[in-house]
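Asks: Structure provided below as structure tokens; questions to follow.
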Amino acid sequence: MIELLKSGTFWAAIATISAMVAAIAALYSVKISRDSANIERLSKRAYFTISSPGIKKMDNSPPYRIQITFVNAGHNPAISVSGKILFIDQALEV
């Protein structure tokens, strides 16, 4: 056993195994860091809420006025937002 400990190949094998364990630990820490970054990115995203929607009848104007207020409720401001509103001017049959 003492001869094995004195040989260079034994310590080279120990060093190789230690390096492999360190590499696996480093890869695992990178995975944890990426997962944390994704969770943080999702928690700080921009999103909207609709505040006080309403339909009001106005005098001296077209029949109705529709007001929809979007509020930026996310942590970061939203940019380049686009959307579509569709109005159907007919009765819906049930």
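Numbered according to the UniProt record's numbering, the sequence shown spans residues 1 to 94. Ideal Cβ placement from N, Cα and C applies to all residues, glycine included. A quick note: this is a predicted structure, and the numbers were derived from the prediction, not measured.
Provide the residue(s) that pair with residue 100 in DSSP beta bridges, ordered along the chain.
Replies: Coverage of the chain is limited to positions 1 through 94, which leaves residue 100 absent and any answer about it impossible.
Asks: Inspect the beta-carbon positions of residue 45 and residue 56 and report whether they are closer than 8 Å.
Replies: Going by beta carbons, residue 45 and residue 56 fall outside the 8 Å limit.
Asks: My assumption, with CB atoms under 8 Å, is that residue 73 sits in contact with residue 47. Please give the rounded CB distance.
Replies: 6 Å
Asks: Just curious, the alpha helix (DSSP H) that residue 14 is in, first and last residue?
Replies: Per DSSP, residue 14 is one residue of the alpha helix (DSSP H) stretching across 8–43.
Asks: Quick check: residue 82 and residue 69, are their CB atoms within less than 8 Å of each other?
Replies: no
Asks: Pull up the CB-CB distance for residue 49 and residue 21, whole angstroms please, since I reckon it's below 8 Å.
Replies: Not confirmed; about 49 Å, so no contact.
Asks: In angstroms with no decimal places, state the Cα-to-Cα distance between residue 15 and residue 77.
Replies: 51 Å
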